[in-house]
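Protein chains in written order, with our numbering: chain F, 1 to 108; chain X, 109 to 368; chain P, 369 to 547.
For glycine and all other residues, C-beta sits at the position ideal for the given N, C-alpha and C.
First up is the structure itself, then whatever we jot down about it.
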Amino acid sequence: MTAPRAIVNVPAKARKGEIIAISALIGHVMENGFRYTTTGVLRPRDIITSFVALYNGEEIFSAQFFPAVAANPFISFHTVATESGTIQLRWTGDNGFAATHRAKIAVE
Amino acid sequence: MNAARLFVFIAAFLAVANPPARADDIPLAERRSGYDQMSAALKAMQDDDTANPGMLWVLEGEALWSAKATTAGKACADCHGDGTESMKGVAARHPAYDEKRGQVVNLAGRIEACRVERQGLAPLGPDAKESLALAAYVARQSRNLPITIDEKALATTIAAGRQLFIARQGHLDLSCAHCHEANWGRKLAGLPLSQGHTTGYPLYRLEWQSLGSLYRRLRACLFGMRAAYYPPGATEYLALETYLMWRARGLPMESPAVRP
Amino acid sequence: MTMAPRTEHDTAGRRAFLRFATAFAAVVAVFAPRRSPANEVPPQLQAGSRSSPRPLTPAEIQAAVHRVTGGAKVTPGRVKLDLPPIVENGNSVHCTVTVQSPMTPADYVKSVHIFTERNPQPNVIGVRLGPRAGLAKFSARIRLADTQKVTAIAEMSDGTFWSDRAEIVVTGGACLEDT
């Protein structure tokens with residue numbers, strides 16, 4: 001099975017101390033657990049429950065997703081560019097869902 | 109040749125050579141994509157490639173483009189090279205007339221034919237995940253290019269599609285034209301009716317929470333009109349698609365579009 | 369006017385009627401559709417229709433808020449919840465929250481939580497921030513089942529809670545339909 005597709009926008013370069021915006025879009029059905037098929041069968045819940053952003057290993061942002069987060073979840077947030085390194089984004093959820101995306105940032 | 113036969117011959121010739129008069133068509137200069145009627149938030153969602161959910165399928169298609177198919181071991185890239193170059197304009201000129209096959213083929217059909225005949229893969233239909241991903245990837249390469257349909261080669265199919273477009277059908281006795289020609293801009297169930305131009309397929313529809321094909325959208329329309337679906341693979345879908353793309357000629361492609 | 373005397377004929381007729389009514393009721397009871405798991409109405413639809421889900425009770429919303437605030441006072445202000453006033457479809461609504469805060473280690477926004485009133489459940493998203501954020505501002509795409517008010521509550525590093533509310537008209541609701 002291929003990794004879920006994700007589109008992550010992290011600036012490649014930033015000045016030290018600059019506040020940068022990071023956005024992340026990941027493919028996921030986010031089945032909310034409240035929908036029924038036309039024959040009355042409940043579609044079981046299948047959502048991403050957690051999103052964590054690490055900057056060189058330290059958490060800079062995290063979110064708990066509930067079923068009210070839209071399908072193919074999009075999130076954007078801010079962080080201070082402190083040093084060059086790796087920004088790691090990690091999504092986890094129901095049915096053992098896990099996805100990780102890493103982006104490099106150069107801070108001068 | 110007797111008079112009756114001559115009459116039939118002339119009528120047939122005129123029908124094929126001159127598609128039926130279009131007195132009630134939207135004037136070319138007044139045609140608008142459904143994009144114009146969307147809220148600023150949805151326009152922004154479509155315009156930003158890092159935020160447009162349809163781009164997830166384009167990414168998937170890009171991966172499939174380079175993936176070796178198991179049976180024949182060939183990837184799309186092996187014949188077509190860099191898709192961002194070789195596929196420019198392809199979606200904007202489909203449906204097209206395939207000389208070799210002697211039939212009209214749309215983009216999804218062209219992609220499927222390649223996968224079946226040259227890659228040895230099983231046919232999946234236009235709504236399968238792989239089909240949508242490849243269609244999205246190829247169509248994305250025509251973004252902003254004007255739709256160009258070969259009117260002469262496709263005249264019969266365009267005419268057939270137009271007949272379907274203006275025909276009343278279903279329990280509500282409505283035709284496509286009732287909403288999309290006579291009442292575009294007015295509200296239906298709280299949302300403005302578009303002119304129905306197919307500039308952005310395959311597109312991400314919020315109601316589907318997924319990317320979907322034009323055929324899925326046509327079935328949704330038929331459902332709304334309380335009309336029977338044409339069977340899967342029916343020529344009606346292709347005729348309608350051909351007519352709709354011809355009707356949208358000159359408008360820029362937007363794929364993958366976002367719509368409510 | 370005097371009542372007509374009861375005749376034997378009347379009594380016989382009443383008895384026949386009662387017998388018939390009892391038999392009819394028994395037949396109805398035997399053949400009436402039973403409540404089975406397949407056709408039980410799910411709780412979130414019971415007091416509403418498919419297109420207008422029942423609003424959450426104030427108790428349910430308060431319980432969700434209480435899990436975040438622990439009962440502490442929530443003051444309107446310092447938080448700005450940006451939602452479009454009207455959306456075509458509630459399946460993906462762009463939502464931005466901005467909180468006034470210097471975001472220094474001494475004074476920053478710890479977390480932000482978004483709640484709804486007419487979705488099947490009150491929580492939408494809970495976000496953890498900190499001084500590394502630089503700016504207490506984030507965006508997400510959320511689902512809204514119906515026209516309603518949405519609330520954002522922010523917890524500050526000093527333990528205080530602040531909020532903002534926004535009203536939004538949702539033309540096509542999310543969460544329950546499956547097209």
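State the Cα-Cα distance for the pair Ile536 (chain P) and Ala520 (chain P), rounded to the nearest angstrom. 14 angstroms
Chain-ordered neighbours of Ala159 (chain X) on chain F, where CB pairs are closer than 7 angstroms: Ser23, Leu25 and Phe74
Do Val480 (chain P) and Val461 (chain P) have their C-beta atoms closer together than 9 angstroms? no
What is the C-beta distance between Ala63 (chain F) and Ile510 (chain P), in whole angstroms, given that I count them as a contact (C-beta under 8 angstroms)? Contact flag wrong, Cβ pair sits at about 12 angstroms.
Length of the line joining the Cα atoms of Gly416 (chain P) and Leu424 (chain P): Unreliable positioning characterises Gly416 (chain P) in this predicted model, as indicated by a pLDDT of 41, which lies under 50. A coordinate reading is not provided.
Does DSSP classify Pro426 (chain P) as helix, strand or coil? helix
Run through DSSP, which three-state label would Val465 (chain P) get? strand
Return the residues of the stretch 339 to 364 of chain X that lie within a Cβ-Cβ distance of less than 7 angstroms from chain F, sorted by chain order. none
Is any beta-carbon of chain P found at less than 9 angstroms from that of Met333 (chain X)? no
Contact check, Gly335 (chain X) vs Gln249 (chain X), beta carbons under 9 angstroms: Reading off the sequence, residue 335 (chain X) comes out as Ala, not Gly. No. Outside cutoff.
Looking at chain F, is there any beta carbon in it that lies within less than 9 angstroms of the beta carbon of Gly416 (chain P)? Note on Gly416 (chain P): pLDDT 41, under 50, position unreliable in the model; the coordinate value appears next. No, no contact with chain F.
Hey, Asp94 (chain F) and Ile47 (chain F) are a contact pair by Cβ (cut 8 angstroms); roughly how many whole angstroms apart? 6 angstroms
For chain X, check one thing: does any of its Cβ atoms lie closer than 9 angstroms to the Cβ of Thr443 (chain P)? no
What three-state label does DSSP hand Ala129 (chain X) in the structure shown? Residue confidence for Ala129 (chain X) is low, a pLDDT of 36 falling below 50, so the modelled location carries little weight; the figure read from the coordinates is stated next. Ala129 (chain X) falls in the coil class under three-state DSSP.
Ala350 (chain X) and Ile257 (chain X) closer than 9 angstroms at C-beta: In the sequence on display, residue 350 (chain X) carries Thr and not Ala. Cβ distance < 9 angstroms, so Thr350 (chain X) and Ile257 (chain X) count as in contact.
Going by DSSP, which residues form a beta bridge with Ala21 (chain F)? F:His78
Identify the continuous beta strand (DSSP E) that holds Trp316 (chain X) and give its terminal residues. Looking at the DSSP string, Trp316 (chain X) is not in any beta strand (DSSP E), and its letter there is neither H nor E.
Measuring CA to CA, which of X:Leu114, X:Gln145 and X:Arg113 is closest to Gly304 (chain X)? X:Gln145
Note the first and the last residue of the continuous beta strand (DSSP E) segment covering His481 (chain P). Val477 to Thr484
Which complete alpha helix (DSSP H) runs does the stretch 169 to 253 of chain X hold, if anything under 4 residues is left out? 184 to 188, 191 to 194, 215 to 225 and 237 to 248
Hey, Phe65 (chain F) and Ser50 (chain F) are a contact pair by Cβ (cut 8 angstroms); roughly how many whole angstroms apart? 7 angstroms
How about Val461 (chain P): is its C-beta nearer than 9 angstroms to some C-beta of chain X? yes
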